[in-house]
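Here's the structure, in C-alpha cells; my notes come after.
Residue numbers (UniProt numbering): 1 to 207.
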C-alpha cells in the first residue's frame, strides 16, 4: 500500500498573487465596462425637428450621415423598391424633407418616454409617406442607375429653366459623399463670410 498525503481543498483555491498580470482585475474594471460613453445621452429629451436651411456646417454634415444610415436601414428592413426610395434621394430636396420628417417621426415613436402604441401610429403614417414618396420619385424622374434634377415650372417673368438631362451614376455611395461634402463646404463658406462681415451670397464686405 502506498502512503497518500491527505488532500487539502484550500490548496486548489487560486490566490490573488497567482493570477497573471493581464488577468489581475480590479473592481473598477467591471463598473467602467457598463458606464455609458456620454452621460448626457441618457438625459437627452425627445428628438427635435431638423430645419435643413438653418443648420451650420458641422451639424449639417452630422445630420446628413445620420439620415443616410437610417434610410439605408429602412429600405432594407422593409424591402423598399427604388420607386419608393431611389438611390439618389439625396439629390432631391422634396425627398430629403419627406424622409427627414419620417426619420424624426420614427425617433419620437420609439423614444423611451413614448407610450406603447406609438410605433403602431408610425407604421400607419409610414403607409401614407410611401404614397407621397412614390409621387415625388415619379415626378422627379430619378431612377435606379441615373438621376436628373427635379423639373421646375417657369413662371411668367422668370428666366427659362435649364434643360433637364439624365446623368448616369456608377457608385451611389461615392456620389452621396461628394454631395454632402459640397453641401457642407457651401454652408461653411457662407458662415465664414457672415462672421467676416461679408454678404453671404456675394462675398462683398458690408460697409
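Cβ atoms here follow ideal geometry from the backbone N, Cα and C, with glycine treated the same way.
Buried versus exposed, by CB contacts within 10 Å (16 or more), residue i
i	result
residue 142	buried
residue 155	exposed
residue 192	exposed
residue 128	exposed
residue 30	Residue placement at residue 30 is flagged as unreliable, the pLDDT there being 34, under the threshold of 50; a coordinate-derived value is accordingly withheld.
residue 194	exposed
residue 71	buried
residue 120	exposed
residue 87	buried
Residues near residue i by beta carbon distance below 6 angstroms, same chain, minus five either side
i	result
residue 85	75
residue 179	90
residue 126	none
Proximity below 8 angstroms, CB of residue i to CB of residue j
i	j	result
residue 104	residue 136	no
residue 172	residue 57	no
residue 148	residue 169	no
residue 98	residue 132	yes
residue 140	residue 153	no
residue 63	residue 55	yes
residue 50	residue 100	yes
residue 183	residue 102	no
residue 82	residue 144	yes
Other residues of its chain near residue i: CB distance less than 7 angstroms, five sequence neighbours each side excluded
i	result
residue 176	68 and 90
residue 130	84
residue 33	Below a pLDDT of 50, predicted positions are generally treated as unreliable, and residue 33, at 35, falls in that range; no measurement from the model is reported.
residue 161	152 and 154
residue 114	108
Beta-carbon contacts of residue i that lie in its chain and below 8 angstroms, excluding the five residues immediately before and after
i	result
residue 80	74 and 130
residue 165	148
residue 47	104, 107, 108 and 111
Integer Cβ distance of residue i from residue j, believed to fall under 8 angstroms
i	j	result
residue 138	residue 122	Rounded, the Cβ-Cβ distance is 24 angstroms, inconsistent with contact.
heavy atom of the ligand SAM below 7 angstroms from residue i C-beta
i	result
residue 155	As presented, the structure is devoid of all ligands, the ligand SAM included, so that no description of it is given.
Complete alpha helix (DSSP H) runs within the segment 170 to 202 (minimum length 4 residues, chain order): 172 to 195
Any beta strand (DSSP E) of 3 or more consecutive residues that is wholly inside the segment 45 to 78: none
4-residue-minimum alpha helix (DSSP H) runs that sit fully inside the segment 105 to 177, ordered along the chain: 118 to 140
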